[in-house]
Amino acid sequence: NRMEDRLRKKLVVYRDLVDILEKESEIIRSADPGELWKMSALKHDAAKKIEALRKEMIGDLDSIAPNHGMAQGNFSSRKIVELVPKDAAERIATICIDIEKLKKAVFDLSVTNVKFTEEYLQVIEQLVAVFADAASGTQGYKSGSSTSKVSGAIFRARV
482 NRMEDRLRKK LVVYRDLVDI LEKESEIIRS ADPGELWKMS ALKHDAAKKI EALRKEMIGD
542 LDSIAPNHGM AQGNFSSRKI VELVPKDAAE RIATICIDIE KLKKAVFDLS VTNVKFTEEY
602 LQVIEQLVAV FADAASGTQG YKSGSSTSKV SGAIFRARV
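Just add 481 to the spot in the sequence shown (first one is 1) and you have our numbering.
See below:
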């Protein structure tokens, strides 16, 4: 069954994405920008693969159930289970459940990585402020220091 094969491929891509995000977490902690760019490219590639598989599955559904009503923006793995032949529905349902679990893991890892990055950047921003105060002859965290007036927008950029 083509739909089942495509869903299995999608499952593999989500597993790969979880691995990428776990590795990204380690790289964030090691502060290696070159490796972060590589992880970003891998995440982008995984997203493109997922979109391509989604498009292929919608094409398959067009022949199975022409009135399925799904498009790229409202794609639902669960709805696929309702539309495929009964003999494949149970196997496909199991794959879809696994995909949903991996989607949650991807979301959780992404949130964790963003939070850690934001905290890390705040620490760097504070260190820069301390160094700038030391260079200007003032020391410590004073509300009137030259660095308290700097927004630190550079360090608030999302990675």
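All residues carry an ideal CB built from backbone N, CA and C; glycine is no exception. Predicted, not measured: the structure shown is a model, and the values here were computed from it.
Check	Outcome
Which first and last residues belong to the alpha helix (DSSP H) in which S521 is found?	514-545
So for N482, helix, strand or coil by DSSP?	coil
Flag this pair as touching only if the segment 515-535 and the segment 484-499 have three or more C-beta atom pairs under 8 Å; answer yes or no.	yes
Could you tell me the distance, in whole angstroms, from the CA atom of V562 to the CA atom of A574?	6 Å
With A570 as the anchor, note down where its alpha helix (DSSP H) starts and where it stops.	567-617
Which whole-angstrom value describes the C-beta separation of K524 and I580, a residue pair presumed to lie in contact below a C-beta threshold of 8 Å?	The Cβ separation is near 17 Å, so there is no contact.
In or out: D541 buried (at least 16 other Cβ within 10 Å) or exposed?	buried
Taking the alpha-carbon positions, what's the R637 to V499 distance?	Summary for R637: the model assigns pLDDT 43, below 50, so the residue's position carries little reliability; its value from the coordinates is reported in the next sentence. The straight-line gap from Cα to Cα measures roughly 25 Å.
Using the Cβ count rule (16 or more neighbours within 10 Å means buried), how would you classify A527?	buried
If you count every other CB in all the chains shown that lies within 10 Å of the CB of N555, and 16 or more means buried, which is it?	exposed
Among residues of its own chain, excluding the 5 on either side of Q553, which ones have a beta-carbon nearer than 8 Å to its beta-carbon?	E532, R535, K536, I539
With H, G and I counted as helix, E and B as strand and the rest as coil, what does DSSP make of N555?	helix
For the pair the segment 586-593 and the segment 500-511, tell me if three or more CB-CB distances fall below 8 Å.	yes
Cβ atoms of K567 and Y495: under 9 Å apart, would you say?	no
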